[in-house]
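J.: Residue numbering for the sequence shown follows this note's numbering, starting at -15 and increasing by one per position.
Don't be surprised by glycine CBs; every beta carbon is placed ideally from N, CA and C.
Please read through the structure below; I'll follow up with questions.
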Amino acid sequence: MALEAEGLQHTGVFQAPRRAEQDLGARTAGVRRVGHGERRQPRPGRRLRGPGSRGRLRFSCPVRLRCQRWRRSRSWGAPCGLWATTSRRLWPRPKSAQRSDATFIHPFDDLDVIAGQATVGLELLEDVDDLRRVIVPLGGGGLAAGVGIAIKRALPDVRLGGVQAQVCAPYLSALGRADPSLGISTATIADGIAIKQPGEVTLPLLRELLDDICVVDEDEIADGMVFLAERAKLVAEGAGAAVAALLAGKVASGDETTVAIVSGENVDSGLLAALLRRQETELGRRVRFFTASPTGRGLSPR
């Protein structure tokens, strides 16, 4: 098994070159960009806001965004707006973009974005010998569609597998493989792939490209994050821990060369620390004692 560690990029995520080009092509107008999960860190925005640039970049983010992502995004200098995600349609076109000449860039349901994500697949074709299977975290489907297009065109026999969080697995239902016990909730530590509804562009592509799709529960996602931290020395958010499916036996790799894409290291340090402590407790390496002792005359507990 090999890991494609896209979390080592400057922003902590994979940032598609074609997407940056699309941003720069819209620089003469305002640019309104919706962001989420591992593809919402505004590195291209820094280029747009550089000397001589006439473009304006603004991000729109769901209110459930983790604090670490919010702080990191704002540190780049682009203003970030919030909206409530109460409907099943998670990516509404921002009203401010509708009222202006701003260019709206969707985080995954866009052909240029998908083409940018395909460069990950091209890298795998160059770097991995005898490639037989690729495991991709599946949220909106942009990364999976891009990687699938790039790899399947060159090596049609390579199998493409998608991994979703059990509590938020809309592609299982959309592809006709749903388990009635599965719900559509965004309450998961894999918040970067907690997408309630498949994309209109990505869904038909993944119908053709995906060979396998599986779900992992919260404990399995946590185990994958801890494994990457302890064994591979990689910090990965829940959305980036596609390796969880391999560790849980959800994907039978056998002797085949399998690559798991680890895309996203934007995880709250407190969450990762809690998961590491939990693992230590389960393995018997950490014990916590709670005691009460008398304080003196009144023997009141302390």
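Does Arg117 pass the burial test, meaning 16 or more other C-beta atoms within 10 Å, or should it be called exposed?
T.: Along the sequence shown, read from residue 1 onward, the residue named residue 117 stands at position 133. Answer is buried; the Cβ neighbour count reaches 16.
J.: Determine whether the beta carbon atoms of Phe88 and Gly124 lie at a separation below 7 angstroms.
T.: Taking the first residue of the sequence shown as 1, we reach residue 88 at position 104. Taking the first residue of the sequence shown as 1, we reach residue 124 at position 140. In this structure, Gly124 does not lie closer than 7 angstroms to Phe88 by Cβ.
J.: Tell me the DSSP bridge mates of Asp196?
T.: The sequence position of residue 196 within the sequence shown is 212, counting from 1. Asp196 is bridged to Gly145.
J.: What span of residues does the alpha helix (DSSP H) with Thr103 cover, start to end?
T.: Residue numbering aside, residue 103 sits at position 119 when the sequence shown is read from its first letter. Residues 95 to 111.
J.: Which runs of the alpha helix (DSSP H) at least 4 residues long sit entirely within the region 196 to 247? Give them in chain order.
T.: Taking only runs of at least 4 residues, the alpha helix (DSSP H) segments lying wholly in the region 196 to 247 are 202 to 214, 227 to 231.
J.: Determine the DSSP secondary structure at Ile173, reduced to helix, strand or coil.
T.: Walking along the sequence shown from the start, residue 173 turns up at place 189. Reduced to three states, the DSSP call for Ile173 is coil.
J.: If contacts are defined as beta-carbon pairs under 8 angstroms, then Leu114 and Thr241 qualify, I think. What distance do you get, rounded to the angstrom?
T.: Taking the first residue of the sequence shown as position 1, residue 114 is located at position 130. Taking the first residue of the sequence shown as position 1, residue 241 is located at position 257. The displayed chain sequence assigns Asp, not Leu, to residue 114. Between Thr241 and Asp114 the Cβ distance is about 5 angstroms, and since that is below 8 angstroms, they are a contact.
J.: Is Pro121 near the ligand HEM - that is, is its Cβ less than 6 angstroms away from at least one heavy atom of it?
T.: What this structure holds is no ligand at all, so the ligand HEM is not there to describe.
J.: Should Leu230 be labelled buried (16 or more other beta-carbon atoms within 10 Å of its own) or exposed?
T.: For the purposes of this step, residue 230 is taken as residue 246 along the sequence shown, with counting starting at 1. Classification for Leu230: buried.
J.: So, does the region 248 to 268 touch the region 214 to 226, judging by three or more C-beta pairs under 8 angstroms?
T.: Touching, yes, given that three or more Cβ pairs across the two stretches are closer than 8 angstroms.
J.: Across which residues does DSSP place Arg117 in a beta bridge pair?
T.: As a first step, residue 117 is located in the sequence shown; it is residue number 133 there, counting from the start. In the DSSP output, where bridge partners are listed per residue, Arg117 has Arg143, Thr242.
J.: For Thr275, report the span of its alpha helix (DSSP H) as first-last.
T.: As a first step, residue 275 must be located in the sequence shown, where it is residue number 291. Looking at the DSSP string, Thr275 is not in any alpha helix (DSSP H), and its letter there is neither H nor E.
J.: Do you know whose CA, among Glu192, Glu214, Ile173, Leu267, lies nearest Lys136's CA?
T.: Your numbering for residue 136 matches position 152 in the sequence shown. Looking at the Cα atoms, Glu192 is the closest of the given residues.
J.: Quick one: using the 10 Å Cβ neighbour count with 16 as the cut-off for buried, is Leu(-8) buried or exposed?
T.: Counting from one through the sequence shown, the residue named residue -8 turns up at place 8. Per the 10 Å Cβ criterion, exposed.
J.: Reducing DSSP to helix, strand and coil, say where Ala(-11) ends up.
T.: Position 5 of the sequence shown, counted from the first residue, corresponds to residue -11. Strand, per DSSP.
J.: Grab me the residues of Glu(-12)'s own chain with a C-beta within less than 6 angstroms of its C-beta, minus the 5 sequence neighbours each way, in chain order.
T.: Taking the first residue of the sequence shown as 1, we reach residue -12 at position 4. Only Val243, Ile245 meet the Cβ criterion.
J.: Between Val199 and Ala129, how many whole angstroms is the CB-CB distance? I'm expecting something under 8 angstroms.
T.: As a first step, residue 199 must be located in the sequence shown, where it is residue number 215. As a first step, residue 129 must be located in the sequence shown, where it is residue number 145. Not a contact, Cβ separation roughly 19 angstroms.
J.: Nearest to Gln181 by CA position, among Leu139, Glu202, Leu108, Tyr155, is which residue?
T.: Position 197 of the sequence shown, counted from the first residue, corresponds to residue 181. Out of Leu139, Glu202, Leu108, Tyr155, Tyr155 has the C-alpha closest to the C-alpha of Gln181.
J.: Distance check for Ala149 and Glu110, CA to CA, integer angstroms please.
T.: Position 126 of the sequence shown, counted from the first residue, corresponds to residue 110. Position 165 of the sequence shown, counted from the first residue, corresponds to residue 149. Approximately 30 angstroms between the Cα atoms of the pair.
J.: Please report how far the alpha carbon of Ile98 lies from the alpha carbon of Leu267, in whole angstroms.
T.: Counting from one through the sequence shown, the residue named residue 98 turns up at place 114. Counting from one through the sequence shown, the residue named residue 267 turns up at place 283. One C-alpha to the other measures close to 41 angstroms.
J.: Leu122 and Gly132 - do their beta-carbons sit closer together than 7 angstroms?
T.: For the purposes of this step, residue 132 is taken as the residue at position 148 of the sequence shown. For the purposes of this step, residue 122 is taken as the residue at position 138 of the sequence shown. No; because the gap between Cβ atoms is not below 7 angstroms, this pair is not in contact.
J.: Indicate whether Ala178 and Thr186 have their beta-carbon atoms separated by less than 7 angstroms.
T.: Residue 178 sits at position 194 when you count from the first residue of the sequence shown. Residue 186 sits at position 202 when you count from the first residue of the sequence shown. Cβ distance not < 7 angstroms, so Ala178 and Thr186 don't count as in contact.
J.: In chain order, what residues of the same chain lie with their CB nearer than 6 angstroms to the CB of Glu5, ignoring the 5 residues before and after it?
T.: Locating residue 5 in the sequence shown gives position 21, counting from the first residue. The predicted model places Glu5 with a pLDDT of 47, which falls under 50 and marks its position as unreliable; any figure quoted below should be read in that light. Same-chain partners within the cutoff: there are none.
J.: Quick check on this structure: which residue in Gly176, Asp196, Gly183, Leu260 has the alpha carbon closest to the alpha carbon of Arg215?
T.: What you label residue 215 is simply residue 231 of the sequence shown in a count that begins at 1. Taking only the C-alpha atoms, the option nearest Arg215 is Leu260.
J.: Is Ser169 buried or exposed, if buried means 16 or more other CB atoms sit within 10 Å of its CB?
T.: The count along the sequence shown starts at 1 and reaches residue 169 at position 185. Its Cβ having fewer than 16 others within 10 Å, Ser169 is exposed.
J.: Leaving aside the five residues before and after Val151 along the sequence, list all residues of the same chain whose C-beta is less than 7 angstroms from its C-beta, in chain order.
T.: Numbered from 1 along the sequence shown, position 167 holds the residue referred to as residue 151. Around Val151: Gly167, Ser169, Ala171, Thr172.
J.: Let me know the secondary structure DSSP gives Arg23 once reduced to three states.
T.: Residue numbering aside, residue 23 sits at position 39 when the sequence shown is read from its first letter. Any reading at Arg23 is ruled out, since the residue's pLDDT is 44, under 50, leaving its predicted position unreliable.
J.: Starting from Ile133, trace the beta strand (DSSP E) in both directions and tell me its first and last residue.
T.: Position 149 of the sequence shown, counted from the first residue, corresponds to residue 133. Premise fails: Ile133 lies in the alpha helix (DSSP H), 126 to 138, not in any beta strand (DSSP E).
J.: By Cβ distance below 6 angstroms, which residues in the same chain neighbour Ala174 in space, the five residues on each side in sequence not counted?
T.: Position 190 of the sequence shown, counted from the first residue, corresponds to residue 174. Hits under 6 angstroms: Ala149, Ile205, Gly222, Ala223.
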